[in-house]
Amino acid sequence: MKICITSQGATLDALAEERFGRAPFFIIVDTETGSFEALENQFAGGSGGVGPKAAQLLITREVKALVSGMVGGNAHEVLKAAGIYLYAYRAHGTVRDALERFNKKTLDLVA
Amino acid sequence: MEAQPDTDILPVIFPWRKKMKIAVASGKGGTGKTMVAANLAFTLSQTCQVTLVDCDVEEPNLHLFFPAPATATDVTVPIPVVDEKTCDRCGQCGDFCQYGAMTVLANRILFFPELCHSCGGCTLVCPNGAIHEEPKRIGTTTISTPLPNLKLISGMLDTGNPHAVPVIRVAKKLAENNNLVICDASPGTSCPVIETVDGCDACILVTESTPFGLHDLELAVDVASRLGVPAGIVINRSDGKDQATLDFCMDHDLEVMMTIPFDREIAAIQSRGDLLCRVRPEWQKAFYALFVKCRTLAGVD
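Residue numbers (my numbering), protein chains in the order written: chain A, 4 to 114; chain B, 4 to 304.
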């Protein structure tokens, strides 16, 4: 399964980012193989509509779950409609930490 | 008060037959834009036809000074409607939309009307012709004639709608055939103010002699300058300690066209919805003088 963790940098040791649409990077992890890909968020500095744009990216990449801090109303609606699960991670740790907690199923399911 | 104009100049100017559009803006809110616009329009309407446009569409209030029966017309913008049968979810509309208004799911399109800027791009890029546009109401314009020589056009944005600019555009367009037009802007320096000031021949910037007034005046001067609209300054509620504002105007080659004192009687007149120039007709001379200066600013002779 592919999951997305919002991140401040391009590696697993970067700090996880609490914002979704304006996260600098999206780390897409394949939970079966553990391999990951870092996508720079080209919408991060946009003037508006960044949440749905980012959510569209996850849909296109066939991501099944999102790990992030806060998700705005419009993005939330898209994720819900697309059936992407949203898990809250607000521990201010690294992407690796968020991933471990996701794998241990200790993150709260928001939607 | 400023020096009085030579009253002999008035018959030379009036009746006014040239086209001229004056914007009244400020940067800071509550400096007296509407007070200046209303009194200027009232004064000019004593001798010629004036159209006053309330471009503060999120909070229009000129009609409070000029109550009159008004006719309202809806303002609409085109928004896309997707035919789910023709659409094959190719995603080109979503890729094109810079505002994130179209999200393409596996089985349908999710459209966010409040993000849509009505650019029409999605309709153009759709390879299947699955998108057409339908009008959506975002506000109204009202037209009234509160005085024989005064036409008032007010734009009013519907509550909860974020797009003021199309309403302002329609309100200004309704005035385009009129010779003498005064556009009252909203506070600030963002899109609604730019839409209001753009295309005007002169811009009156109303400020007050406080650090906040001066700070926001500097921003507003920058906006007018970038739009290429010549600006002049009105200092309102002056307590006589205007040196910082005067210095700024001197440095930037801006004329202080009028100074209105901080005065309890003026505040009282304003607060009960009356007009300074109606209650105290001697003020009409000062507003005529302001108009003459705007005319010089605009280069309309």
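Idealized CB from N, CA, C, for every residue including glycine.
At a cut-off of 8 Å between C-beta atoms, A:N44 does not count as an interface residue with respect to chain B.
Using a Cβ-Cβ cut-off of 7 Å, A:K56 is close to G103 of chain B, given in chain order. The three-state secondary structure of B:K88, taken from DSSP, is coil. When Cβ-Cβ separations below 8 Å define contact, A:E35 makes no contact with chain B.
Secondary structure note for B:N239: its beta strand (DSSP E) is the uninterrupted segment 234-241. Residues of chain B whose Cβ lies closer than 9 Å to the Cβ of A:A85 are, in chain order, T106, L108, A109, L113. Chain-ordered, the chain A residues with CB closer than 8 Å to the CB of B:L118 read G51, G52, P55, N77. Cβ atoms of B:A104 and B:L127 stay farther apart than 8 Å, at about 14 Å. With contacts defined as CB atoms closer than 8 Å, A:L60 and A:L69 fail to qualify as a contacting pair. Checking the DSSP bridge columns, you'll see B:C125 has no partner listed. With three or more CB-CB distances shorter than 8 Å, the stretch 218-233 of chain B counts as touching the stretch 203-210 of chain B. B:N131 places its beta carbon 8 Å or farther from that of B:D98. Taking the C-beta atoms as reference points, B:G94 is found no nearer than 8 Å to B:V85.
Among the CB atoms of chain B, none fall inside 8 Å of the CB of A:Q11. Of all C-beta pairs linking the stretch 209-222 of chain B to the stretch 44-56 of chain B, fewer than three are shorter than 8 Å, placing the two stretches out of contact. Proximity of A:I62 to chain B, defined by a Cβ-Cβ separation below 8 Å, is satisfied. Residue pairing for B:E137: DSSP places it in a beta bridge opposite B:I82. Put simply, the backbone Cα of A:V53 is about 6 Å away from that of A:F46. Within chain B, not a single residue places a beta-carbon under 8 Å from that of A:E40; the smallest gap is close to 20 Å.
Listed as beta-bridge partners of B:A28 by DSSP are B:L208.
Rounded to whole angstroms, the gap between the alpha carbons of A:N77 and B:D245 is 47 Å.
Under the rule that a run must span 3 or more residues, the beta strand (DSSP E) segments found entirely inside the stretch 35-75 of chain A read 39-43, 68-71.
Interface criterion met: the Cβ of B:G97 is under 8 Å from a Cβ in chain A.
For B:P169, the uninterrupted alpha helix (DSSP H) run begins and ends at 168-177, by DSSP.
Apart from the 5 residues on each side of it in sequence, B:L257 sits with its Cβ closer than 7 Å to the Cβ of V224, A234, G235, I236 in its chain, given in chain order. For B:F265, no alpha helix (DSSP H) encloses it, and the DSSP letter there is neither H nor E. Between A:Y92 and A:A19, the C-beta spacing is below 8 Å. If you check the CB distance, B:G202 and B:K24 come in under 8 Å. Not one beta carbon of chain B lies nearer than 8 Å to the beta carbon of A:E103. The DSSP-derived three-state label of B:V226 is helix.
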